[in-house]
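Structure first, then comments.
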Amino acid sequence: MAGAKEIRTKIASIKSTQKITSAMEMVAASKMRKAQDRMAASRPYSEKMLQVISHLARATPEYRHSFMAAERERKRVGYIVVSSDRGLCGGLNSNLFRRLVADIKEQRANGVEPVFCTIGNKALGFFKRFGGQVLGQVTHLGDRPHIEDLIGTVKVMLDAFEAKEIDAIYVAGNTFVNTMTQRPIIRQLVPIIGEKQSEMPLHWDYIYEPDARVVLDALLTRYIESLVYQAVVENAACEQAARMVAMKSASDNAGNLIDELQLIYNKARQAAITQEISEIVSGAAAV
Amino acid sequence: MAMTIHVDIVSAEGAIHSGQATMVYATAELGEVGIAPRHTAFISRLKPGDIRVENEQGEQEHFYVSGGMLEVQPHVVTVLADTAIRARDLDEAAALDAKRRAEEALAGQTAQFEYAKAQAELAEAIAQLRAIEKLRKMKAS
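Listed in order, the protein sequences are those of chains S and X.
Take any residue in the first sequence, count from 1 to its spot, add 134: that is its number in this note's numbering.
Take any residue in the second sequence, count from 1 to its spot, add 806: that is its number in this note's numbering.
Following this line, the structure appears as structure tokens:
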């Protein structure tokens, strides 16, 4: 049986780990709520934009922006990979990467070469190990991601698309199902897959200033940025939820372990006392 | 009651304002515009500047936007505000920055060593706990 002192130090070290994990759990819980609010707050903007874009697309059928053009033959595709900056959030990032690797394999089997833009530390680290061409990256978005920080990374991809270096852009990130479940998902960003809207006849049109194309161009870029931003905010909410669950189970495990070690420690101590008494007694008997 | 028009000012990061107004003023690309209720459908880019919303009590509220889009329908005005200052060369610079960061990050190690180390240690401790827990369950069964 291990010495009582060793067990005591072990208990102390597990206790301090448990303190850290339970603190992280509470922090994650409060951050998750805020992240969810941000997730909801970003929706009206892109919904409104989609509405205007689909109106414009119908109002000016002769002008097709390349983002809305029909699919072209795919040789290279771009992935914007949204990950967390920090670890200790369960299998969140590794699930995403596993899903991504499966997708990449499929693309390669069809003779399509993928390139990447990464958002967050973990994705960057992954592609360092995994290999693959990374065109742009941004890390350390913090708890409150700002759209400014994403403009550059998104533009790298959009520029590559317009230069016909890549033929489609996907965004890979986690979707928030509920606190316990986050699902990795890969969505196509460009060309924009328009949801089939009811073809209502146009009775009216906007007055454009300066003209429809300029307005549409500006809208499309912002729309795509806002979709990426949403993916980032959603991933942030997922990160906090996953961390909360992971830290909760770590704290629980630590608690169980402490109980068990405490029992072993008590037994060891009792055994030592019994032994001491029996030594004294037998010593006394010998005298 | 005075005629009013509904005004929504939204940005990608959240709603900024929503309410009724009797008049809205904004800095459009080709000059300042004033929008009264039942204005005809109109869409324009916005220049950085003020948006003034006049409510039924005649009070004016000011919002600063650093650009964006203005969409007007007879009963609704929507301002899709940018939260960042946008210009072609600024966007270009941001894109170049993103590329440069990617190259740097893939080329060399950056100094986030302390945090990474601490995190690795904690992750190890948690992994140990989990392993022990599993072992214990195996023994029990």
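Quick reminder that beta carbons are idealized off the backbone N, C-alpha and C, glycines included.
Tell me the DSSP secondary structure of residue i in three-state form.
i, result
"E862 (chain X)", "coil"
"M135 (chain S)", "Residue placement at M135 (chain S) is poorly supported in this model, since its pLDDT is 48, which falls under 50; the coordinates are not used for a value here."
"A887 (chain X)", "strand"
"I327 (chain S)", "coil"
"V421 (chain S)", "coil"
"R321 (chain S)", "strand"
"L928 (chain X)", "helix"
"A831 (chain X)", "Before going further, note that residue 831 (chain X) is Tyr rather than Ala in the sequence given. Strand at Y831 (chain X)."
"T355 (chain S)", "helix"
"G389 (chain S)", "helix"
"A348 (chain S)", "A quick correction: the sequence has Val, not Ala, at residue 348 (chain S). V348 (chain S): helix per DSSP, three-state reduction."
"Y342 (chain S)", "strand"
"K209 (chain S)", "coil"
"I300 (chain S)", "coil"
"D171 (chain S)", "helix"
"A821 (chain X)", "strand"
"L941 (chain X)", "helix"
"R403 (chain S)", "helix"
Between the alpha carbons of residue i and residue j, how many angstroms are there, rounded?
i, j, result
"T828 (chain X)", "G270 (chain S)", "46 Å"
"R198 (chain S)", "I849 (chain X)", "18 Å"
"M135 (chain S)", "A376 (chain S)", "Because the pLDDT at M135 (chain S) is just 48, under 50, the model does not fix this residue reliably, and the point stays unresolved."
"I407 (chain S)", "T151 (chain S)", "31 Å"
"Q409 (chain S)", "S416 (chain S)", "10 Å"
"S817 (chain X)", "A887 (chain X)", "5 Å"
"S412 (chain S)", "A405 (chain S)", "11 Å"
"T846 (chain X)", "D277 (chain S)", "41 Å"
"I154 (chain S)", "E240 (chain S)", "41 Å"
"Q808 (chain X)", "E862 (chain X)", "A quick correction: the sequence has Ala, not Gln, at residue 808 (chain X). Taking the straight line from one Cα to the other gives about 7 Å."
"A834 (chain X)", "A346 (chain S)", "15 Å"
"V161 (chain S)", "T313 (chain S)", "15 Å"
"M158 (chain S)", "A371 (chain S)", "15 Å"
"S200 (chain S)", "I148 (chain S)", "58 Å"
"Q396 (chain S)", "K144 (chain S)", "10 Å"
"N400 (chain S)", "A418 (chain S)", "27 Å"
"G820 (chain X)", "M173 (chain S)", "9 Å"
"K139 (chain S)", "A904 (chain X)", "54 Å"
"I303 (chain S)", "I141 (chain S)", "55 Å"
"Q322 (chain S)", "I392 (chain S)", "48 Å"
"Q826 (chain X)", "L896 (chain X)", "35 Å"
Which residues mark the beginning and the end of the alpha helix (DSSP H) in which residue i is found?
i, result
"P178 (chain S)", "177 to 193"
"T287 (chain S)", "281 to 296"
"D895 (chain X)", "894 to 913"
"W228 (chain S)", "Position check: residue 228 (chain S) holds Ser in this sequence, whereas Trp was assumed. Here the alpha helix (DSSP H) through S228 (chain S) covers 226 to 243."
"L258 (chain S)", "255 to 264"
Where does the unbroken beta strand (DSSP E) through residue i begin, and where does it stop?
i, result
"S947 (chain X)", "First-last for S947 (chain X): undefined, no H or E at that position."
"T309 (chain S)", "303 to 310"
"M314 (chain S)", "It is not in any beta strand (DSSP E) - M314 (chain S) carries neither H nor E in the DSSP assignment."
"V839 (chain X)", "837 to 841"
"R198 (chain S)", "Neither: R198 (chain S) is in no beta strand (DSSP E) and is coded neither H nor E."
"M875 (chain X)", "874 to 879"
"D814 (chain X)", "811 to 817"
"G270 (chain S)", "267 to 272"
Could you name the residues of chain S that residue i contacts, counting a contact when the two beta carbons are closer than 7 Å?
i, result
"T905 (chain X)", "The sequence given here places Lys at residue 905 (chain X); Thr does not occur at that position. Per Cβ cutoff of 7 Å: L269, G270, V290."
"A913 (chain X)", "Chain S residues near A913 (chain X): none, gap ~10 Å exceeds 7 Å."
"E835 (chain X)", "E343, P344"
"I938 (chain X)", "L391"
"A908 (chain X)", "V268, L269, G270, Q271"
Show which residues of chain X have a CB atom less than 9 Å away from the CB atom of residue i.
i, result
"V186 (chain S)", "I849, M875, E877, T884, L886"
"G379 (chain S)", "Sequence inspection shows Val at residue 379 (chain S); the Gly mentioned does not correspond to that position. The premise fails here: V379 (chain S) is roughly 13 Å from chain X at the closest Cβ pair, so nothing lies under 9 Å."
"N387 (chain S)", "I932, L935, R936, I938, E939"
Mind listing the chain S neighbours of residue i? Cutoff is C-beta to C-beta under 9 Å, in chain order.
i, result
"P897 (chain X)", "According to the sequence as given, residue 897 (chain X) is Asp; it is not Pro. Near D897 (chain X) (Cβ distances below 9 Å), the residues of chain S are I285, G286, K289, T355."
"E819 (chain X)", "R172, A175, S176, Y179, R278, P279, H280, I281, Y363, V367"
"T846 (chain X)", "W338, Y340, I341"
Would you mind telling me which residues of chain X sit closer than 7 Å to residue i, beta carbon to beta carbon, in chain order?
i, result
"D293 (chain S)", "A901"
"I320 (chain S)", "The contacting residues do not exist; I320 (chain S) stays about 20 Å from chain X at best."
"A402 (chain S)", "Chain X residues near A402 (chain S): none, gap ~18 Å exceeds 7 Å."
"I326 (chain S)", "By Cβ distance, chain X contributes nothing, its closest Cβ being about 17 Å from I326 (chain S), past 7 Å."
"G221 (chain S)", "Q925, A929"
Find the residues of chain X that neighbour residue i, judging by a C-beta separation of less than 8 Å, and give them in chain order.
i, result
"S360 (chain S)", "A818"
"P248 (chain S)", "What P248 (chain S) touches in chain X: nothing, since even the nearest Cβ is about 15 Å away."
"V151 (chain S)", "Correcting the residue identity first, residue 151 (chain S) is Thr in this sequence and not Val. Correct list: L928, A931, I932, L935."
Between residue i and chain B, is the shortest Cβ-Cβ distance under 8 Å, so that the two count as touching?
i, result
"Q826 (chain X)", "The structure shown contains no chain B; its protein chains are S and X."
Counting pairs of Cβ atoms below 8 Å between the segment 240 to 259 of chain S and the segment 339 to 353 of chain S, do you hit three or more?
-> Output reads no: the segment 339 to 353 of chain S does not touch the segment 240 to 259 of chain S.
Quick one: any contact between the segment 289 to 299 of chain S and the segment 175 to 187 of chain S, if contact means 3 or more CB pairs under 8 Å?
-> With a cut-off of 8 Å, the segment 175 to 187 of chain S and the segment 289 to 299 of chain S do not count as touching, because too few Cβ pairs lie within range.
Between the segment 872 to 882 of chain X and the segment 255 to 267 of chain S, do at least 3 Cβ pairs fall closer than 8 Å?
-> The segment 872 to 882 of chain X, when compared against the segment 255 to 267 of chain S, does not touch it at the 8 Å Cβ threshold.
Would you call the segment 228 to 248 of chain S and the segment 928 to 941 of chain X touching, i.e. three or more CB-CB distances under 8 Å?
-> The segment 228 to 248 of chain S, when compared against the segment 928 to 941 of chain X, does not touch it at the 8 Å Cβ threshold.
contact_flag[the segment 867 to 875 of chain X, the segment 358 to 372 of chain S] where n(CB pairs < 8 Å) is 3 or more = Short answer: they don't touch.
Do the segment 385 to 398 of chain S and the segment 220 to 231 of chain S make contact, defined as three or more Cβ pairs closer than 8 Å?
-> Here the segment 385 to 398 of chain S does not lie against the segment 220 to 231 of chain S, with fewer than 3 beta-carbon pairs under 8 Å apart.
Evaluate contact between the segment 300 to 309 of chain S and the segment 214 to 225 of chain S, counting only Cβ atoms and requiring at least three cross-stretch pairs below 8 Å.
-> Because the criterion of three Cβ pairs below 8 Å is met, the segment 300 to 309 of chain S and the segment 214 to 225 of chain S touch.
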